[in-house]
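So the structure is just underneath, and the comments pick up after that.
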Amino acid sequence: MDANFSFPQNGSEELSYESLGYKVLEIIPLVVLAVTFVLGVLGNGLVIWVAGFRMTHTVTTICYLNLALADFSFTAILPIRIISMAMGGIWPFGWFLCKLVHVMVSINLLGSIFLITLIALDRCICVLYPVWAQNHRTVSLAKKVMVASWILALVLTLPVFIFVTTFKDRIGNVYCFFVLDSWGVETLNVGIITVKLTNITHFIIGFIMPMSIITVCYGLIAAKIRRKGLIRSSRPLRVFTAVVASFFICWFPYQLVALLSGVWIEEILFHGKYQIPWVLVNLVMSLAFFNSCLNPMLYVFVGQDFRKRLIHSLPAILERALTEDT
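Just so we're on the same page, this note's numbering is the position in the sequence shown counted from 1, plus 13.
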């Protein structure tokens with residue numbers, strides 16, 4: 014979930030960091046998000062066109078098409094986050110977009126990791142049980158499983174939709190966070206418990222469990238390949254390995270910050286302890302969001318060797334990267 018919360022405004026956020034280094038740290042997330050927006054919309058749009066309209070729909074292409082749809086819809090709304098971040102967190106876009114943008118962050122995270130886990134399971138089944146896969150691995154079944162994954166992502170995102178809203182500070186600036194400090198005591202306690210449970214649940218169900226499943230699948234695939242004496246992995250497996258690695262590298266810092274923000278929320282709210290600098294939050298957030306523009310580039314640069322890339326058009330490259338094993 015989004016690692017943003019509303020805490021009592023006591024002036025502690027008015028940091029007098031005027032050094033060049035600090036200014037650079039403030040600018041880096043803006044640049045990263047701008048690059049993510051441009052590359053994400055163009056790259057994922059191209060993947061959607063190729064996988065959705067040029068290629069035969071297979072289990073593999075359906076999975077990557079869903080990933081591209083999630084990333085495209087997410088990167089398309091990044092200008093809103095960029096403007097808000099450039100304004101120091103002030104939110105001029107109203108209540109509806111406040112909820113929508115935060116929900117899109119959570120759905121993108123959860124939906125992407127669920128889809129990546131499904132691809133890992135699919136690869137594992139194809140390697141370990143090729144006969145069963147040939148008879149039962151259908152596009153229809155894959156679509157049903159993916160719909161179930163998106164429904165689960167939506168259910169886990171409900172707390173974000175319910176509790177994220179806009180609020181005004183003492184001087185009239187509007188922000189968009191989990192608003193906790195303006196509630197009554199009983200509602201505040203419910204909000205604290207909800208934030209804590211939501212962050213922990215997202216970390217376990219939306220990160221630890223999927224990454225564990227992916228690791229087990231890789232171990233089983235590696236063992237089978239070793240027993241068969243196969244030296245080189247298939248192109249789809251190379252592409253998927255790159256997708257998993259980039260997802261972990263980009264999202265783990267963000268997930269860790271979100272988890273700690275939830276676990277420490279009472280200390281942060283009532284005791285002023287464990288304050289996580291907003292510049293750090295913005296940095297890990299921009300790194301996580303950057304993952305949404307990486308996959309199309311990975312399909313191109315990992316899907317085949319460089320010499321072949323030079324003589325094929327981008328659509329042809331993507332078709333080769335997203336194709337089934339033969």
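No residue lacks a Cβ here, since even glycine has one placed at the ideal position from N, Cα and C.
Item to complete: Tell me, to the nearest whole angstrom, how far the beta carbon of residue 64 is from that of residue 83; I am working on the premise that it is less than 8 Å.
Response: Not quite, the Cβ-Cβ distance comes to about 13 Å (not below 8 Å), so this is no contact.
Worksheet entry | Residue range of the unbroken beta strand (DSSP E) whose run includes residue 130 | It is not in any beta strand (DSSP E) - residue 130 instead sits in the alpha helix (DSSP H) that spans 107–141.
Worksheet entry | Own chain partners of residue 165 with C-beta closer than 8 Å, once the 5 adjacent residues on each side are dropped | 123 and 127
Worksheet item: Counting along the chain, where does the beta strand (DSSP E) carrying residue 177 start and finish?
Response: Counting along the chain, the unbroken beta strand (DSSP E) around residue 177 starts and ends at 177–181.
Discussion item. Taking 8 Å as the threshold (C-beta atoms), are residue 45 and residue 299 in contact?
Written reply: yes
Item to complete: Would you decide whether residue 318 is buried or exposed? Buried here means 16 or more other CB atoms lie within 10 Å of its CB.
Response: Because residue 318 sits at a pLDDT of 43, beneath the cut-off of 50, its placement in the model cannot be relied upon, and the following sentence gives the value as read from the coordinates. Classification for residue 318: exposed.
Worksheet item: Can you give the Cα-Cα distance for residue 177 and residue 232, rounded to whole angstroms?
Response: The alpha-carbon atoms of residue 177 and residue 232 are separated by roughly 40 Å.
Practice prompt. Return the chain-ordered list of same chain residues with a C-beta closer than 7 Å to the C-beta of residue 235, the five sequence neighbours on each side being excluded.
Written response: none
Discussion item. Here's the rule I'm using: 16 or more other beta-carbon atoms within 10 Å means buried, otherwise exposed. How should residue 171 be labelled?
Written reply: exposed
Worksheet item: Would you call the CB atoms of residue 309 and residue 59 closer than 8 Å?
Response: yes
Worksheet item: For residue 33, which three-state DSSP category applies?
Response: helix
Worksheet item: With burial defined as no fewer than 16 other Cβ atoms inside 10 Å of the residue's Cβ, what is the status of residue 267: buried or exposed?
Response: buried
Worksheet item: Ends of the alpha helix (DSSP H) at residue 86?
Response: 72–89
Discussion item. Looking at the secondary structure, which residues open and close the alpha helix (DSSP H) in which residue 299 lies?
Written reply: 291–303
Worksheet item: To the nearest whole angstrom, what separates the beta carbons of residue 264 and residue 304, a pair I think is in contact under 8 Å?
Response: Yes, residue 264 and residue 304 are in contact; Cβ-Cβ is about 6 Å, under 8 Å.
Fill in: Sequence-distant residues of its chain with Cβ nearer than 7 Å to residue 230 (five each side left out)
133, 134, 136 and 137
Worksheet item: What first and last residue would you give for the alpha helix (DSSP H) that runs through residue 230?
Response: 222–241
Discussion item. Only counting the same chain, and skipping five residues up and downstream in sequence, which positions put a Cβ closer than 7 Å to that of residue 99?
Written reply: 43
Practice prompt. List the whole-angstrom C-beta distance separating residue 75 from residue 152, where the pair is believed to meet the contact cut-off of C-beta under 8 Å.
Written response: Your pair residue 75 and residue 152 checks out as a contact, with CB atoms roughly 6 Å apart and the cut at 8 Å.
Practice prompt. Look at residue 88 and residue 54 and say whether their C-beta atoms are less than 8 Å apart.
Written response: Annotated as proximal: residue 88 and residue 54, with beta-carbon spacing under 8 Å.
Worksheet item: Anyone know if the C-beta pair for residue 252 and residue 209 falls short of 8 Å?
Response: Taking 8 Å as the Cβ cut-off, residue 252 and residue 209 do not qualify as a contacting pair.
Item to complete: Indicate the three-state DSSP secondary structure (helix, strand or coil) for residue 185 in the structure shown.
Response: DSSP places residue 185 in the coil class of the three-state scheme, outside both helix and strand.
Worksheet item: Leaving out five residues before and five after residue 213 in sequence, what residues of the same chain have Cβ atoms less than 8 Å from its Cβ?
Response: 272, 275 and 276
Worksheet entry | Inter-residue spacing [alpha-carbon to alpha-carbon] between residue 255 and residue 69 | 23 Å
Practice prompt. On a CA-only basis, which of 190, 183, 241 and 221 is nearest residue 116? Give me that one, please.
Written response: 190
Discussion item. Taking a contact to mean a Cβ-Cβ separation below 8 Å, would you say residue 261 touches residue 125 in this structure?
Written reply: no
Discussion item. Would you say the beta carbon of residue 272 is closer than 7 Å to some non-hydrogen atom of the ligand HEM?
Written reply: Annotation note on the ligand HEM: not contained in the displayed structure, which lists no ligands.
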